[in-house]
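Peer 1: Residue numbers (the numbering used here): 331 to 536.
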Amino acid sequence: SLKFLLPTTLVLNDMDNEVAMAFEETCKRLEQAGHHLTRQAVPEFQTIFELYAQYGSFASHESLALFEDMLEQRGDEVDPRVGKRILMLKGRPSTDYLKLVYTQRRLIKDFWHTYQDFDAILCPTVPILPPTIESLQNDVAYFKANNLVLRNTSLFNFLAGPSLSIPCGTTQQGLSVGLMISAGPHREKWTLEVASAIHPTLQQSR
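#1: Here's a check: name, in chain order, each residue in its chain whose Cβ is nearer than 6 Å to the Cβ of F353, leaving out the five neighbours to either side.
#2: Let me know the secondary structure DSSP gives F334 once reduced to three states.
#3: How far does the beta strand (DSSP E) with G514 in it extend, from its first residue to its last?
#4: Give the DSSP-derived three-state secondary structure of I463 in the structure shown.
#5: How is I458 classed by DSSP in three states: helix, strand or coil?
#6: Please give me, in chain order, every unbroken run of the beta strand (DSSP E) with length at least 3 that falls completely inside the segment 348-411.
#7: So the candidates are F379, T368, R359; which of them puts its Cα closest to the Cα of L480?
#8: For F486, count neighbouring C-beta atoms within 10 Å of its own C-beta (all shown protein chains included) and say buried if the count is 16 or more, exposed if not.
#9: Output the distance between the C-alpha atoms of P515 and K439, rounded to the nearest integer angstrom.
#10: In or out: D399 buried (at least 16 other Cβ within 10 Å) or exposed?
#11: Under 8 Å between the Cβ atoms of I451 and L335?
#12: Would you mind reading off the limits of the beta strand (DSSP E) that contains T339?
#13: Just tell me which of M345, L419, R359 has its CA closest to the CA of T531.
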């Protein structure tokens with residue numbers, strides 16, 4: 331019997347119906363198998379996105395440091411959406427990056443201490459089904475989809491929590507829906523053990 335945290339902050343927002351149905355069915359199966367699931371708000375998730383909005387993301391800061399000259403000289407060879415997001419940070423003070431680093435270290439320590447009583451954290455790996463290329467021609471639609479696709483995984487990337495995704499359902503089109511299992515820093519082996527423990531139960535629900 332394992333204790334799982336199911337965050338209700340951000341990670342369940344804007345889910346496609348088939349993803350939501352597969353996730354709820356998975357939760358039901360796990361409870362029927364004797365595992366304990368606790369749904370609660372996780373305000374730290376909102377804090378992470380507020381930090382990115384305030385200071386910029388690690389990816390953009392580090393990409394600018396590495397590729398600024400190349401983007402300025404050969405920017406037309408780069409996906410304009412990618413190049414634009416990187417160059418948006420040009421001129422920002424280096425203290426923004428340092429504040430992000432120091433805040434991340436503190437948040438990682440506090441976060442995993444707060445939720446240490448849980449064996450793992452569960453959420454949908456990606457809240458939406460794959461969008462079509464045609465639907466992403468508009469920049470607004472592209473960045474909305476991009477943010478949703480990266481949102482849940484980026485949270486645990488920020489928190490240094492090893493995560494893995496295993497299939498937990500299948501859509502009408504035959505696409506797999508993923509369940510993300512996350513644990514604290516340096517707990518890769520434990521995360522794999524949790525996945526192995528619940529995988530048979532999830533296979534039953536497909």
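We put the beta carbon where it would ideally sit given N, CA and C, even for glycine.
Note that this is a predicted model, so its numbers are computed, not measured.
Peer 2: Judging by the given coordinates:
#1: P454
#2: strand
#3: Counting along the chain, G514 falls outside any beta strand (DSSP E), and DSSP gives it neither H nor E.
#4: coil
#5: In the structure shown, I458 sits in coil (DSSP, three-state: anything other than H, G, I, E or B).
#6: 366-370
#7: F379
#8: buried
#9: 9 Å
#10: Exposed: under 16 other Cβ atoms inside 10 Å.
#11: yes
#12: Here T339 belongs to no beta strand (DSSP E), and DSSP marks it neither H nor E.
#13: Just measuring C-alpha positions, the residue of M345, L419, R359 sitting nearest T531 is R359.
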